[in-house]
């Protein structure tokens, strides 16, 4: 991938999409070769990943933003914006163990996009949120892409990837079987399903 590219990772269940995304994120190490990522990386690989269940939403904003590379001054400066985007209102000072998966998504997504990532990774998590919040997230992801940030999306929602991505990569059993414009990749995937 090159800087500023928007790429959809496509394939059947078990094809290696999420594994590849975890390799890019540095969550897993490759068996062979290497993965190089330039710039600040953020994303949503699992709802609530990086959140401590015993801490409040407020405390987790500070913790997760720090993990994602924001310094304390930047976190304080963007805190209100993060909370407003998440729209979790009175639950901000509740331990996140009591959050629904949708509330986790709201807060996790908001923190991730407000870290100003150079590379943004999304793995199926937008399926969790309500429609209004999902649309808000998609608009924000499109803005990141329009700003020239690199975007990597894993989703079985083919209209979604056609909306967000220009390039499509189809995997099968961990192997690349198609790489090209996203519409061609979607057509290739539909033909083999």
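In the numbering used here, the protein residues as written are 16 to 208. Note that CB positions come from ideal geometry on N, CA and C, so glycine has one too. Remember, it's a predicted structure, so these values are computed and weren't measured experimentally.
Give the C-beta separation of residue i and residue j to the nearest angstrom, bearing in mind that I take them to be a contact with Cβ-Cβ under 8 Å.
| i | j | result |
| --- | --- | --- |
| residue 165 | residue 43 | Not quite, the Cβ-Cβ distance comes to about 19 Å (not below 8 Å), so this is no contact. |
| residue 125 | residue 97 | 5 Å |
| residue 133 | residue 54 | 3 Å |
| residue 60 | residue 35 | The pair is not a contact, with the Cβ atoms about 11 Å apart (cut-off 8 Å). |
| residue 204 | residue 167 | Incorrect: roughly 17 Å between the Cβ atoms, too far for contact. |
| residue 72 | residue 107 | 5 Å |
What did DSSP end up calling residue i once you bin it into helix, strand or coil?
| i | result |
| --- | --- |
| residue 182 | strand |
| residue 120 | helix |
| residue 130 | coil |
| residue 18 | coil |
| residue 162 | coil |
| residue 107 | coil |
| residue 86 | coil |
| residue 95 | helix |
| residue 150 | helix |
| residue 204 | helix |
Could you tell me which residues DSSP pairs with residue i in its beta bridges?
| i | result |
| --- | --- |
| residue 77 | In the DSSP output, where bridge partners are listed per residue, residue 77 has none listed. |
| residue 193 | 185 |
| residue 113 | DSSP lists no partner for residue 113. |
| residue 10 | Residue 10 falls outside the range modelled here, since the chain spans only 16 to 208, and no answer is possible. |
Exposed or buried, which one is residue i when buried takes at least 16 other CB atoms within 10 Å?
| i | result |
| --- | --- |
| residue 208 | exposed |
| residue 33 | buried |
| residue 154 | exposed |
| residue 285 | With the chain running from 16 to 208 in the structure shown, residue 285 is simply not present. |
| residue 197 | buried |
| residue 69 | exposed |
| residue 49 | exposed |
| residue 79 | buried |
| residue 30 | buried |
| residue 91 | exposed |
| residue 191 | exposed |
| residue 178 | exposed |
Ordered list of alpha helix (DSSP H) runs contained in the stretch 20 to 78, each at least 4 residues: 32 to 40
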